[in-house]
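Below is one structure, written out as structure tokens; comments come after it.
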């Protein structure tokens, strides 16, 4: 018997919410506060972190020192080891560093996938420092850490970094891992079979993102100044046609928006100035990956198509390994972008898919009509879908349940909460009449109402 689908329009009004009001008002708790990310932060009590390049041992000591100093905000873990046995460190920064916060998203930055592209590696160390030292004084940072788990991997290719040299802007020495593989060509590819031998670093990342359902990600690179979004590869790649034409993803509008958030909050990127004579110029500082140059086996396409994690490649320095004395400039140029980009995870729709007994439905398929890509719920029944303002229809389905279709509205100021109950497909012949069944199904979707006090709202600058 074909399952009946019901469409419901869901509006959530937050007028009077004290949580919403607190962040839409520059005054918090009666005191005037500033959320200007360009201000110089205080780091008096934090472990020392100079603007210099840190080798693997120095980076490890720093990360361990921060974790010891801020155990309530940080957790340090390794997802595996490089070819030469160096740990692939990740630092979680959040009010819940050791466990997932149910209903709140996980995000990540990965830097130094190319060992000779070194700026991102240092910027993530300084981002860690900024977040932990600003939590008590900056309401924007506090809001972000209270509502998000941020995973930061300073170096995915520590072996390549170990042989790279400061001041080398354009060489490829150190780009690859110790087995001379380009790690950003080493992931499975949707458009073309990737025959390259899997490497320990990419295998570790694949395991990592299969265990944690990341919603938003950024990969930090060097050698250009642009935010590059999926797709990196193109269907024409199977015919070896490498014309520089866009390869459009189902979420092209969202990816463009995310890229613009980074470029427009950056000190220079949105100007679209080319790094050197003969280099391409990027309008507004963003580009479709394949329109720039197509590649097979990239990490951002893999994140998106395999795991529903929206990743953008962030090229943050014209020189791949600039002199250390320029690092303060790069930090100031990128600081606001790094933070504002992560906050975009709270845009769109999120919620839970439960069964009739209020148990979470794991791996339920979430699909927005008109966007041919599936997302899935976590083992807690959670889902997140970054979307721009508008009206959408979402299909929710899972094995053994009747599918649902929900119509909802996304607005700009806060995410829409959708809590959906799926009914068992068993014994459908014993169900009540059509009108009774539709009424029961309506109730099952909207009975879990939103608590305005728990709604995440974008704080204003």
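Residue numbers (this note's numbering): 69 to 529. For every residue, glycine included, the Cβ atom is placed at its ideal position computed from N, Cα and C.
- Between residue 184 and residue 239, the C-beta gap is smaller than 8 Å, which places the two residues in contact.
- Burial check for residue 277: the Cβ neighbour count within 10 Å reaches 16 or more, so the residue is buried.
- The residue from 369, 250, 402 with its alpha-carbon nearest to that of residue 285 is 369.
- Exclusion of the five residues before and after residue 118 leaves no residue of its chain whose Cβ lies closer than 7 Å to its Cβ.
- Taken in chain order, no unbroken stretch of alpha helix (DSSP H) lies wholly in the stretch 417-464 with a span of 4 residues or more.
- Approximately 30 Å separates the beta-carbon atoms of residue 337 and residue 272; this is outside 8 Å, ruling out the contact.
- Straight-line measurement puts the Cα of residue 427 at about 20 Å from the Cα of residue 474.
- With three or more CB-CB distances shorter than 8 Å, the stretch 222-235 counts as touching the stretch 142-156.
- Sequence-distant partners of residue 395 (beyond 5 residues in either direction) whose C-beta falls short of 6 Å from its own C-beta, in its chain, are 119, 190.
- Inclusion of residue 382 and residue 287 in the CB contact set at 8 Å is warranted, their separation being smaller than that value.
- Nearest C-alpha to residue 291 among 344, 300, 430: 344.
- With 16 or more neighbouring CB atoms inside 10 Å of its own CB, residue 483 falls in the buried class.
- Counted as a single uninterrupted DSSP element, the alpha helix (DSSP H) harbouring residue 331 occupies residues 320-333.
- At the C-beta level, residue 255 and residue 366 come within 8 Å of one another.
- Linking residue 441 to residue 362 through their CA atoms gives a straight-line distance of about 21 Å.
- Three or more Cβ pairs closer than 8 Å define a contact, and the stretch 395-409 meets that threshold against the stretch 119-128.
- Counting C-beta pairs with one atom in each stretch, the stretch 170-178 and the stretch 406-421 have three or more that are closer than 8 Å, which means they touch.
- The C-alpha of residue 492 lies about 47 Å from the C-alpha of residue 250.
- Taking 8 Å as the cut-off, the Cβ atoms of residue 141 and residue 161 count as close.
- The continuous stretches of alpha helix (DSSP H) do not include residue 264, and DSSP gives it neither H nor E.
- Residue range 357-360 is occupied by the alpha helix (DSSP H) that includes residue 359.
- When DSSP states are grouped into helix, strand and coil, residue 210 belongs to the helix group.
- Taking 4 residues as the minimum length, the alpha helix (DSSP H) runs contained wholly in the stretch 206-253 are 207-215, 226-231, in order along the chain.
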